Amino acid sequence: MEIRFIANTAPKAKVPANELRFGTTFTDHMFVMKYSPENGWHDAEIRPYGPLSLDPSAMVFHYAQEIFEGLKAYRTSENGEIYLFRPEKNFERMNQSCDRMCIPRFDGDEVLDALEKLIKIDADWIPTAPGTSLYIRPFIIATDSHVGVHPSGHYLFVIILSPVGSYFKEGLKPVKIYVETEYTRAARGGTGMAKCGGNYAASLIGQQKAEKLNYSQVLWLDGQEHKYVEEVGAMNVFFKIDGTIVTPALDGSILPGITRRSVLEFLRYKGYKVEERALPIDELMQAANSGRLEEAWGTGTAAVISPIGELNRDGNACVINNNAIGPVSQMLYDELTGIQWGLKDDPFGWRHTVK
Ligand SMILES: *Cc1c(COP(=O)(O)O)cnc(C)c1O
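Numbering (my numbering), first residue to last: 23 to 377.
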């Protein structure tokens, strides 16, 4: 793929690592590529970061034909190398999201190549302090100027980069989770397995409700019966019950997280007993009430591992592991971040060096 490069002649001042807030600072360049029915994906360029110009009737504004991804680039001060974590999996998943949202597929290898070029151009923006990284946000939007309900003919593929600080400022701190029994995030047959903005728009109200009750995230149940555990906030979720680690099976309404997959692979490699299955919320609350729920944690690119210290369903609040991080959560966090920052062995070849 040929990529035109237009350098930013007015680069911004870098933000000190301790002032970085998630998703608020962006680098000097971005990747943009167009799609048309005549030319397919074409006109790839890396150009100065800045506003996109779209017609007010552009389809993305009206019917939400949009998908996105999230991954990170890591750099340690030790050798200056830049690493990605299983990036090919993000572009595979992005193509699966494309299929669900009637967006044309793209060549994942070519886009990964373009991403590496972009990262190298803005490499000075990658923070090196412990726990910091460069968050990468690829997305595709429908751009036909037409208020009509059908798939767009034209699209924009954009990648922007955002330096981010440590997710946990005071170390791994367990979060309080509110079990949502009224609203749902996704239903089987819907778009839960696609990474699309619409899923997030639908989830805002539950998140707002949880925050009003002083809980930081929502535990989502299935859309049909409100009976089975699905995800927590924008993370997949794991529970250690009576020594066995359980995570909801991918049933179509759960986002297939790359951190989830990596945690499963790592736990099996280490010899833990792991189950992917339907997990009834009643079973989980009984385990929590009787002290058999030993640990719980969420998984996702942003936090990697987010320990859960409390679950509340309809006023029944259960504290997990005395609201402290458990040994499996801590081990997973140390091992995965160790691989990501190039500080530990990478037995699976998950680390991808930006060359
Ligand atoms: C992105 C996302 C996740 C986590 O996926 P990772 O690939 O591990 O970052 C989980 N749930 C939802 C709803 C998501 O959008």
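From the three backbone atoms N, C-alpha and C, an ideal C-beta is built for every residue, glycine too. These numbers come from a predicted model, not from an experiment.
Asked: Cα-Cα separation between V37 and T47, rounded to whole angstroms; Found: 8 Å
Asked: Cβ of G153 within 8 Å of any chain D Cβ; Found: Within the model displayed, chain D is absent; a lone protein chain is all it includes.
Asked: Beta-carbon gap between Y157 and S119 smaller than 8 Å; Found: no
Asked: Simplified DSSP state of K4, which is helix, strand or coil; Found: Residue 4 is absent from the structure shown; the chain starts at 23 and stops at 377.
Asked: Among E316, H64, D50 and P109, the one whose alpha carbon lies nearest that of I182; Found: D50
Asked: Under 6 Å, CB to nearest heavy atom of ligand 1: contacting residues; Found: G92, K217, E253, A256, M257, N258, L277, G279, I280, T281, R282, T321, G322 and T323
Asked: N258 versus G360, V285, V171 and G228, residue with shortest Cα-Cα distance; Found: V285
Asked: Own chain, CB closer than 7 Å to D77, minus 5 neighbours either side, in chain order; Found: S167
Asked: Whole-angstrom distance between P126 and S58, CA atom to CA atom; Found: 10 Å
Asked: DSSP-derived helix/strand/coil call for L243; Found: strand
Asked: Backbone CA spacing between D144 and D273 [nearest angstrom]; Found: 39 Å
Asked: Residue of Q308, I163 and N30 minimising C-alpha distance to A80; Found: I163
Asked: Range of the contiguous alpha helix (DSSP H) that encloses S351; Found: P349 to Q362
Asked: Meets three-Cβ-pair contact criterion under 8 Å: the segment 131 to 148 and the segment 104 to 113; Found: yes
Asked: I68 to V186 span [Cα, whole Å]; Found: 21 Å
Asked: Three-way DSSP call (helix, strand, coil) for K142 in this model; Found: helix
Asked: Cβ distance (whole Å) where P173 is taken to contact C124 below 8 Å; Found: 4 Å
Asked: Completely contained alpha helix (DSSP H) runs for the segment 97 to 140, where each covers 4 or more residues; Found: 109 to 122
Asked: Segment limits, beta strand (DSSP E) that includes G322; Found: L315 to G322
Asked: V326 - DSSP class collapsed to helix/strand/coil; Found: strand
Asked: Coil, strand or helix - A1 by DSSP; Found: The question about residue 1 has no answer, for the chain in this structure spans 23 to 377.
Asked: Cβ-Cβ distance between G220 and A35 below 8 Å; Found: no
Asked: For N258, the residue or residues it bridges with in DSSP; Found: T321
Asked: Segment limits, beta strand (DSSP E) that includes K377; Found: Premise fails: K377 is in no beta strand (DSSP E) and is neither H nor E.
Asked: Start and end residues, alpha helix (DSSP H) containing L178; Found: Note, L178: premise wrong, no alpha helix (DSSP H); beta strand (DSSP E) at Y177 to V186.
Asked: Where I28 falls, given that 16 or more other Cβ within 10 Å makes a residue buried; Found: exposed
Asked: Through-space distance from P149 to E41, alpha-carbon basis; Found: 11 Å
Asked: Rounded separation between G211 and S238 - CA only; Found: 28 Å
Asked: P329 and P196 closer than 8 Å at C-beta; Found: yes
Asked: Residues that S58 bridges to, as DSSP identifies them; Found: G62
Asked: Beta-carbon contacts of T203 that lie in its chain and below 8 Å, excluding the five residues immediately before and after; Found: L243, H248, R335 and D336
Asked: Collapsed DSSP secondary structure at L301 in the structure displayed; Found: coil
Asked: At least 3 beta-carbon pairs within less than 8 Å: the segment 223 to 239 vs the segment 362 to 377; Found: no
Asked: F44 to Y96 span [Cα, whole Å]; Found: 15 Å
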